[in-house]
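Data first, discussion second: the structure below is written as structure tokens.
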Amino acid sequence: MLPPDFSAPEAHLVFRFPPLGPAVVAASIRSLGLVGRAVDLALDLFKAPLDLEVAPLASPALVERHLAGEHDARIDAVMDRIFERLDEPGRGADLVAVSIDRGSQVPFVAVLTCEMKRRWGKRIIVGGVAVEHLRALLEKSGAIGADIVTKASTPAQIRRAFAALLDLPEHRRGGPLEPDTEIVELVRGGMRKAPSAADWPTPDFSIYDLDPYRRDVVGVEGAAYPAYRGELGASLVLPYFFSFECQFSCAFCQTGGTQEHKPIDLVVRELAELSERWQTREFLFFDTQVNLLAADLSRALLAARLDLRWSDSYRVRPSEPGDLELMARAGCAGLTIGVESASARVLKAMVKGHRPEQATQMIVEAHRHEIMVRVNLLSCFPGETREELAETRDWVRQNAFAIDDLAPSSFYLTADSPIGRKPERYGIRVRGPRSLEGETRFRKSPDSLMYDEMDGLTWEERAPMLEASEGMLRSAWLEGRASLDGLGGFSPSAMLGLRRHFATKAEIYAFLGRCRGGAPRLEEEARAPETSAEVLPSILRSSLPKLLAPRWADAALARAFAAAFRAAAPSLAARLREGDTAHVVLWPDGRFLFFRGAVRRGSDDRARSFHVEEPLGAPPPEEIAQGSSFEVLTFRLDPRRPRMVP
């Protein structure tokens, strides 16, 4: 049973994919002779809402009183309607398992399991995150619901928990038990040691009816794209993971210390099996970070010729030159990159392991290789000043052209993070539990704590800045993407669905721009692939830059040129006119310079040197070394000649 989350934003369900946790559980308990059917109540209620007041089921206080005997008629009404949908699968089952993936689901799950016990008398197990809050709620209220509430997370622990459930008498009525499944090994700083990868099975998605998860990624947002006519069709994205925990220890994170992973050849075999069985080529990887395995995985995928599209999480560092290009060739269509801040001091305090300029280089390079980029930002880290937050805001605005989605999240403190374990080292004093309201219940840990900064702000001063900082960063991103008319903000699964049909980001934005505006479709005569989008900045609305040299320019170089041109377009618009010829020098680290001047080329048409007579737009980068690797492209602004296409 996958419960709904009444604190979740609608977008969380619009692009829902079959949850990974229950598929791993199903595969893990098969050896016990157990087979299951997943009921995704969250998706069911999204597709067919109850049209009843559900807010009380998101309130721990109201639910606690309800369970203690002060019945709330609103809660009873919701439960009656829900069990009209659950009775058929529930009454025919021997056991019921409920999976919690957000702390904000705990109040609902408490009521749900109590109603299951009252109506069906089944043995019930609940696992996932924040289960200690569920146990506390049931014990405090004295309500009879779940029989076993477990933190089991590895296949072996999951099997022991289900074996304990099978040992319980049928129709048991009692408080929640925690079977002895937890064997936790700690490493440096008290962090959890990564579990062995040897026992992890291939996820079993046969427990789902997968048809409801096959979505048209544009069609599901029909109101936003009134001119869309269903051209793309439905696609299925499956989740998968192959590494466990993270060997890095960022100050704010709850994982870190060691990392384990499945053998890469096994990963490729499992992906091939899942792709063939479920007829999909799109996979959303849920690894903490794929940096250390990305190159080997990419080479293995290329050798196997699976032609998959995938997305994963990625750190700015470590990353070797050429890794992103290799990943893109191997099907990497999207990356979630943990940039967190553009302040060098704050990044050092976070123990992120990268500098701001490296983050810029990373996202520009990913953009150049047509990898859709989602950037994570962490605002209001303890000690962050308004000026340092403004650095991040300005960085976002400047680099928004390369960022397809922005995920700003203000800092929240938990006791099991490095900063929570040693607060004095980070200059904070813990005050106690933090109260979460509204959507923050969904987005933040239920174990969040209040704190004061010893040489900075009190909690009362910091708290109002948290949500405001997220809004400020998102506004800066939208300002930086003004030329794209608000397009973007894609979920990772939507990115994969779009890349299924379009080879470049420019093609994606061009298509969505047409679908949004409802205008007649335009197709350019002799359109250059690197400048195919009508949504490019104003200089491109009437002119099309045509590459004149080098004659051998390949697609990767053309994409790099297109990315640089988009970034510099506002400045170029004031200096270039239709028919003008100019040059741009591109460096491997993502820097570029548009200029008028002279270029000396060899017999192979490669640039040997260049002379800048007039910079166009931004001033030349410091420390230009012509002896270093670079490419110089020569282009001319030709007039656009659109023709109408029915």
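Heads up, the sequence shown is in the UniProt record's numbering, so the first residue is 1 and it goes up one at a time.
The C-beta atom is built at its ideal place from N, Cα and C for all residues, glycine as well.
Can the beta-carbon of residue i be found closer than 9 Å to that of residue j?
i, j, result
"residue 319", "residue 336", "no"
"residue 60", "residue 106", "yes"
"residue 363", "residue 339", "yes"
"residue 375", "residue 344", "no"
"residue 62", "residue 143", "no"
"residue 117", "residue 93", "no"
"residue 250", "residue 418", "yes"
"residue 225", "residue 515", "yes"
"residue 57", "residue 13", "no"
"residue 215", "residue 236", "yes"
"residue 544", "residue 582", "no"
"residue 82", "residue 34", "no"
"residue 167", "residue 119", "no"
"residue 647", "residue 571", "Since the first residue of the chain shown is 1 and the last is 646, residue 647 is not available in this structure."
"residue 162", "residue 95", "yes"
I need the boundaries of the beta strand (DSSP E) containing residue i, first residue and last residue.
i, result
"residue 282", "282-285"
"residue 392", "Looking at the DSSP string, residue 392 is not in any beta strand (DSSP E); the run it does join, the alpha helix (DSSP H), is 386-399."
"residue 432", "428-433"
"residue 452", "449-453"
"residue 127", "123-128"
"residue 419", "Unbroken run through residue 419 is the alpha helix (DSSP H), 418-421; no beta strand (DSSP E)."
Note down, in chain order, each residue of its chain lying with its Cβ closer than 7 Å to the Cβ of residue i, except the 5 sequence neighbours on either side.
i, result
"residue 205", "18, 23, 238 and 278"
"residue 309", "281, 282, 331, 333, 496, 499 and 500"
"residue 367", "373, 402 and 563"
"residue 10", "none"
"residue 518", "Residue placement at residue 518 is flagged as unreliable, the pLDDT there being 41, under the threshold of 50; a coordinate-derived value is accordingly withheld."
"residue 164", "148 and 179"
"residue 389", "379 and 469"
Alpha carbon to alpha carbon, how far is residue j from residue i? Give it in angstroms, no decimals.
i, j, result
"residue 2", "residue 110", "13 Å"
"residue 356", "residue 31", "49 Å"
"residue 231", "residue 221", "14 Å"
"residue 600", "residue 608", "6 Å"
"residue 630", "residue 561", "12 Å"
"residue 99", "residue 4", "10 Å"
"residue 504", "residue 371", "9 Å"
"residue 20", "residue 203", "7 Å"
"residue 160", "residue 6", "31 Å"
"residue 136", "residue 456", "35 Å"
"residue 311", "residue 285", "6 Å"
"residue 240", "residue 301", "15 Å"
"residue 325", "residue 369", "6 Å"
"residue 361", "residue 288", "21 Å"
Using C-beta distances below 6 Å, list every residue in its chain close to residue i, excluding the 5 sequence neighbours before and after it, in chain order.
i, result
"residue 491", "15"
"residue 529", "Residue confidence is low: residue 529 scores 34 on pLDDT, short of 50, so the model does not pin down where it sits. Its coordinate-derived value is still stated next. Closer than 6 Å at the Cβ level, and outside the excluded window around residue 529, lies no residue."
"residue 354", "316 and 317"
"residue 97", "125"
"residue 634", "548, 549 and 583"
"residue 430", "423, 449 and 451"
"residue 477", "396, 400 and 406"
Using DSSP's beta-bridge definition, name the partner residues of residue i.
i, result
"residue 609", "600"
"residue 310", "283 and 332"
"residue 340", "377"
"residue 2", "40"
"residue 549", "634"
"residue 585", "593 and 632"
"residue 244", "260"
"residue 100", "128"
"residue 372", "334"
"residue 31", "According to DSSP, residue 31 bridges with nothing at all."
"residue 407", "376"
Residues in its own chain within less than 8 Å of residue i by CB, not counting five upstream and five downstream?
i, result
"residue 139", "175 and 176"
"residue 377", "339, 340, 341, 392, 396, 406, 407, 408, 409 and 473"
Between which two residues does the alpha helix (DSSP H) harbouring residue i extend?
i, result
"residue 475", "459-480"
"residue 149", "Unbroken run through residue 149 is the beta strand (DSSP E), 148-150; no alpha helix (DSSP H)."
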